[in-house]
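>
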Amino acid sequence: MQSIVFEQFSGYLKGQGKSRYTINDLSWQVNAGEHWLLLGANGAGKSALSAALTGEAKQQSGTFKSTFNSTQLVSSDVQKQLIKNEIEHEHHSLVKDFIFPQNSSYNHELRTKLIDAFNYSALLERHFRDLSTGETRKLLLINALSSHADLVVLDEPYDGLDKHSCEVLNTLLETLSSTINFVFVLNRLDEIPPFITHYAYVNQGQLQHVLNNPNAEQRADLLKLLHLTHTALEIPQPDDSQGRAEYTADTLIKLSNAKVSYAGVDVFKNLNWQINKHQHWQLSGKNGSGKTCLLNLITGDNPQCYSNDIQVFGFKRGSGESIWDIKQHIGYISNALHMDYRVSISALNTVISGFYDSIGLYQKPTESQVNTAKQWLALIGLGDKQNSSFTQLSYGDQRMLLIVRAMVKHPTLLILDEPCLGLDEANRQRVLILIEKICAANTSTVIYVNHHAADKIKGIEHYLKMEDFN
């Protein structure tokens, strides 16, 4: 029988920068015909264990044996490394070069089927670096699932996918589960596939509470470890020690007949949108529909903002305003920001950097700002990690820090572009409650982007669907 066996295994995996993920004295066996689900809090070691299954851990002691023919891993780390390689080597590869590589073995019939299922044919001639987050994740899934691998490890496979793509993936995984063994890392309890045979709660790099084909009651007891609510959370008061400029007019943002196009192809067009103070918005749309492009027009991170009729905080784009005239009023979290935030500063200084809209901290903060940042860290359960380096924290903990970094100055406009990507159930619930409290306090106007219907925010009553402008 094919299997992977760890016996008193200790080793490590390289993380970002000089950081390491360590595995100590692990004993675990995954057999053919089994489908595992790894659950646990951010930083518990789930991603390290999933990567170790594919042989990526450097062994220090114990044994590791695999009789599977081939294993594949889909994860945010794999996705980031692919993007990093493309940028560092100044490649301009087309998507088809990744999908149909030369001198590589794969199931051509299945790969073609997956391309059709994800409606991916139209992207084959596009440059890889022009793909959205969700489109890149689909590329990894297509390649892994059709690679002849008999064990596929999926670390948050649904992250970045729109609702329709999640449904397509669910159907594909259930069909393929008869021929491929799967190990899942999932933070969202509503994404658990019905064919899972083994549940394991991960804590400090160890498997705890392993359940083999559990009944409903056993499963519920395990999930209670994750499904926490934080109704008593209170948001720290704004820090006014620097006398931040306040924007008092009712209209914050106004776009008239906005349009973004690349290589002659419109991403969206004829988009009219006005955001007034205390009007909270939810922005939705399929992968590649232009959600992030639209947000970048507002923040000034897309150069096409200067060829559009856009008014932001009283400035008409291109009228001589500085980038800081705009960004002083905005708090922002997005997948792109997370990718760019690679500085080795402490968790505390990461939050404080939100007062200065900087990646890293280059000014001496006030005592009041430091105290406010510490209150935010305590609020999200990271008070004991205030001196830890940002790059050494888990992806989920990094995400939580960047979310409170966006919130810390109580900005006039708070832009949350899929803020819950990569968060476990407890922290996802905590973030949703935080956003609801921000909406209720009306100190910030919120634009919230997400794909999941379950992540609705009480207080958001205005909706913009990108499909109306594609």
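Those letters in the sequence shown? Residues 693 to 1162, per the numbering used here, in order.
We put the CB at the ideal spot given by N, CA and C, even for glycine.
What separation, rounded to the nearest whole angstrom, lies between the Cα atoms of I775 and E909?
As a first step, residue 775 must be located in the sequence shown, where it is residue number 83. As a first step, residue 909 must be located in the sequence shown, where it is residue number 217. So the two alpha carbons sit approximately 43 Å from each other.
> I'd like the span of the beta strand (DSSP E) that includes F790, first residue to last.
Reading the sequence shown from its first residue, position 98 is the one you call residue 790. Per DSSP, F790 belongs to no beta strand (DSSP E); it is in the alpha helix (DSSP H), V787 to I791.
> Taking the alpha carbon of H727 as the point to measure from, which residue in Y939, S1136, L1093 and F887 has its own alpha carbon closest?
The sequence position of residue 727 within the sequence shown is 35, counting from 1. Here the closest residue by C-alpha is F887.
> Tell me the rounded alpha-carbon separation between I779 and S1136.
As a working note, residue 779 is residue 87 in the sequence shown. As a working note, residue 1136 is residue 444 in the sequence shown. I779 and S1136 have their C-alpha atoms spaced approximately 35 Å apart.
> Looking at N734: is its Cβ nearer than 8 Å to the Cβ of D1089?
Position 42 of the sequence shown, counted from the first residue, corresponds to residue 734. Position 397 of the sequence shown, counted from the first residue, corresponds to residue 1089. Their beta carbons are under 8 Å apart, which means N734 touches D1089 by this criterion.
> Cα separation between S796 and K855?
For this step, residue 796 is matched to residue 104 along the sequence shown. For this step, residue 855 is matched to residue 163 along the sequence shown. CA-to-CA, the gap between S796 and K855 works out to about 32 Å.
> Going by other Cβ atoms of all chains shown within 10 Å of its Cβ, with 16 needed for buried, is A1098 buried or exposed?
Here residue 1098 is taken as the residue at index 406 of the sequence shown, counted from 1. Result: buried.
> Can you check DSSP and say which residues form a bridge with E699?
Indexing the sequence shown from 1 puts residue 699 at position 7. The partner list for E699 (beta bridge, DSSP) reads T755.
> Near E866, which residues of its chain fall below 8 Å by C-beta distance, leaving aside the five closest residues on each side in sequence?
For this step, residue 866 is matched to residue 174 along the sequence shown. Taking C-beta separations shorter than 8 Å and ignoring five residues to either side along the sequence, the partners of E866 in its chain run P885, P886 and F887, following chain order.
> Just to confirm before moving on: does the CB-CB distance between L729 and Y850 stay below 8 Å?
Position 37 of the sequence shown, counted from the first residue, corresponds to residue 729. Position 158 of the sequence shown, counted from the first residue, corresponds to residue 850. Cβ distance not < 8 Å, so L729 and Y850 don't count as in contact.
> Got a sec, what are the start and stop residues for the alpha helix (DSSP H) A1039 sits in?
By one-based count along the sequence shown, residue 1039 stands at place 347. That run of the alpha helix (DSSP H) goes A1039 to I1044.
> Check V1035 in the structure and name its three-state DSSP category.
Taking the first residue of the sequence shown as position 1, residue 1035 is located at position 343. Per DSSP, reduced to three states, the secondary structure at V1035 is coil, with no helix or strand assignment.
> Please say whether L1093 and F1082 have beta carbons closer to each other than 8 Å?
One-based indexing of the sequence shown puts residue 1082 at position 390. One-based indexing of the sequence shown puts residue 1093 at position 401. Their beta carbons are under 8 Å apart, which means F1082 touches L1093 by this criterion.
> Just to confirm the assignment, what range does the alpha helix (DSSP H) spanning G826 have?
One-based indexing of the sequence shown puts residue 826 at position 134. G826 -> alpha helix (DSSP H) spans T825 to L837.
> I think I1149 touches V1123, with their Cβ atoms under 8 Å apart; what is that distance to the nearest whole Å?
Taking the first residue of the sequence shown as 1, we reach residue 1149 at position 457. Taking the first residue of the sequence shown as 1, we reach residue 1123 at position 431. With a Cβ gap of about 10 Å, I1149 and V1123 do not count as contacting.
> Can you give the Cα-Cα distance for Q900 and S870, rounded to whole angstroms?
Numbered from its first residue, the sequence shown carries residue 900 at position 208. Numbered from its first residue, the sequence shown carries residue 870 at position 178. Looking at the two C-alpha atoms, the distance is approximately 27 Å.
> State the beta-bridge partners of F1157 as determined by DSSP.
Counting from 1 along the sequence shown, the entry for residue 1157 is found at position 465. Just to set this straight, residue 1157 is Lys in the shown sequence, not Phe. The partner list for K1157 (beta bridge, DSSP) reads S976.
> Is it buried or exposed, A740, if we count other Cβ atoms within 10 angstroms and call 16 or more buried?
Along the sequence shown, one-based indexing puts residue 740 at 48. Buried, since its Cβ has 16 or more Cβ neighbours within 10 Å.
> Under 8 Å, do L833 and L868 count as touching if we go by C-beta distance?
Residue numbering aside, residue 833 sits at position 141 when the sequence shown is read from its first letter. Residue numbering aside, residue 868 sits at position 176 when the sequence shown is read from its first letter. Contact: no.
> Which residues does DSSP list as the beta-bridge partners of Y1087?
Position 395 of the sequence shown, counted from the first residue, corresponds to residue 1087. DSSP, once it has assigned bridges, lists no residue as partnering Y1087.
> Check this for me: beta carbons of V877 and D847, under 8 Å apart or not?
The count along the sequence shown starts at 1 and reaches residue 877 at position 185. The count along the sequence shown starts at 1 and reaches residue 847 at position 155. It is a contact, given that the beta carbons lie within the stated cut-off.
> Whole alpha helix (DSSP H) runs in the region 869–932 with 4 or more residues, listed along the chain?
908–915
> Just mark N835 as buried or exposed, buried being the case when its beta carbon has 16 or more other beta carbons within 10 Å.
The residue you call residue 835 lines up with position 143 of the sequence shown. The residue is buried, with at least 16 neighbouring Cβ atoms inside 10 Å.
> Is DSSP giving V959 helix, strand or coil here?
Taking the sequence shown and counting its residues from 1, the one referred to as residue 959 is at position 267. The three-state secondary structure of V959, taken from DSSP, is strand.
> Can you check which of these residues, Y954, D769 and L987, is closest to K678 by C-alpha distance?
The structure shown does not extend to residue 678, since the chain is modelled only from 693 to 1162, so the question has no answer here.
> By the 10 Å Cβ neighbour count, where 16 or more other Cβ atoms means buried, how is R712 classified, buried or exposed?
Translated into positions along the sequence shown, residue 712 becomes position 20. Looking at its Cβ environment, which holds fewer than 16 other Cβ atoms inside 10 Å, R712 is exposed.
> Once DSSP output is grouped into helix, strand and coil, what is the label at S762?
For this step, residue 762 is matched to residue 70 along the sequence shown. S762 falls in the coil class under three-state DSSP.
> Please list the terminal residues of the continuous alpha helix (DSSP H) segment that includes S742.
Taking the sequence shown and counting its residues from 1, the one referred to as residue 742 is at position 50. Run containing S742: K738 to L745, per the alpha helix (DSSP H) assignment.
> What are the boundary residues of the alpha helix (DSSP H) that includes N1063?
Here residue 1063 corresponds to residue number 371 of the sequence shown, with the count starting at 1. Run containing N1063: E1059 to L1071, per the alpha helix (DSSP H) assignment.
> Suppose you measure from the CA of M1031 to the CA of K772; what does that come to, to the nearest Å?
Translated into the one-based positions of the sequence shown, residue 1031 becomes position 339. Translated into the one-based positions of the sequence shown, residue 772 becomes position 80. One C-alpha to the other measures close to 8 Å.
> Quick check: T984 and S857, are their CB atoms within less than 8 Å of each other?
Here the question's residue 984 lines up with position 292 in the sequence shown. Here the question's residue 857 lines up with position 165 in the sequence shown. Not closer than 8 Å, so no.
> Among N1041, D942 and F960, which has the Cα closest to the Cα of S948?
On the sequence shown, residue 948 is found 256 positions in, with the first residue counted as 1. Answer by Cα proximity: F960.
> Can you grab the Cα-Cα spacing for the pair L1085 / G897, in whole Å?
Here the question's residue 1085 lines up with position 393 in the sequence shown. Here the question's residue 897 lines up with position 205 in the sequence shown. Going from the Cα of L1085 to the Cα of G897 covers about 14 Å.
> Three Cβ pairs or more, each shorter than 8 Å: is that satisfied between the region 961–968 and the region 1016–1030?
Remark: fewer than three beta-carbon pairs, one from each stretch, lie closer than 8 Å, so the region 961–968 and the region 1016–1030 are not flagged as touching.
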